[in-house]
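In my numbering, the protein residues as written are 347 to 614.
Notes to accompany the following structure.
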């Protein structure tokens, strides 16, 4: 057997070149990844100090929700008003609990309270002004940290003093959309009455929590999340005995995910 030393040397040389090329490519990829600016769903005013919330306290305003079903075949969109009222109460309660558990001074200003104090019109105006700023703040879901932490957004000083002693207002918005067939549209309506939940992988949820300075009207902090239900718990079927418990577990998880960076006061 004749060994071709020149051929073997050539083969080894080519192998070394391939390894060298691979090292160069990997180094370039590492450099590119390292140069990509960190991105976030959080938005923050540059002068906002999260520790101020601890000393100033917060008022949680009534949650606004939109829960709708849409036929897979188009049209037949329906709002689930009864479920909206039900889930709004759970969200407001879980947001209040989240702040309270972290030691914040927190009050809930219910729709009943606002009506009693003749503040309903001011609340609606505040929410309209706040909602008008969201498309600008979230023109892109993820934003480079440098830009995200230097927002300038004001909803006007029509944000009257809703309560004395609390500088900040907490605003919550929740949306749920479910693609259904015709049978499931009517079935979901029955769920509100029976307490049985049939939630499948096609359902999507989004929640945004924002904080407004009640004195200046500045939006000082917001965070949001959009998830498919399958990412949370997959197919969920619960009965009367634990339907609300399951809903609270779901909402508590989302609220915790959104507020986590706010409660991390080590990072300003």
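No residue lacks a Cβ here, since even glycine has one placed at the ideal position from N, Cα and C.
_What does the Cβ neighbour count give for residue 464, buried or exposed, with the cut at 16 atoms within 10 Å?_
exposed
*To the nearest angstrom, report how far apart residue 384 and residue 522 are at their CA atoms.*
29 Å
_So, under 8 Å CB-CB, residue 600 and residue 571 are touching, yes? Tell me the CB distance rounded to an integer number of Å._
6 Å
*Could you check the C-alpha separation between residue 436 and residue 594 for me, to the nearest Å?*
7 Å
*Could you tell me whether the Cβ atoms of residue 565 and residue 499 are closer together than 7 Å?*
yes
*Could you check if residue 470 is buried or exposed, using at least 16 other CB atoms within 10 Å of its CB as the buried criterion?*
exposed
*Measuring CB to CB, does residue 501 end up less than 7 Å from residue 389?*
no
_Beta-carbon proximity check, residue 423 vs residue 416, cutoff 7 Å_ = yes
_C-beta contact flag for residue 611 and residue 448 at 7 Å_ = no
_If you follow the alpha helix (DSSP H) that residue 388 is in, where does it begin and where does it stop?_
Taken as a continuous stretch (DSSP letters only), residue 388 belongs to no alpha helix (DSSP H), as it is neither H nor E.
*Tell me the DSSP bridge mates of residue 515?*
405, 558
*Compare the Cα-Cα distances from residue 401 to each of 446, 426, 387, 391 and report the closest residue.*
446
_Residue from 560, 561, 518 whose Cα sits closest to the Cα of residue 552_ = 518
*Alpha carbon to alpha carbon, what distance is there between residue 406 and residue 391?*
20 Å
*asked:* I'd like the list of long-range same chain contacts for residue 394, defined as Cβ closer than 7 Å, with 5 residues on each side in sequence excluded.
replied: 566, 567
*Can you pull the DSSP bridge partners for residue 410?*
519
*Would DSSP call residue 594 helix, strand or coil?*
helix
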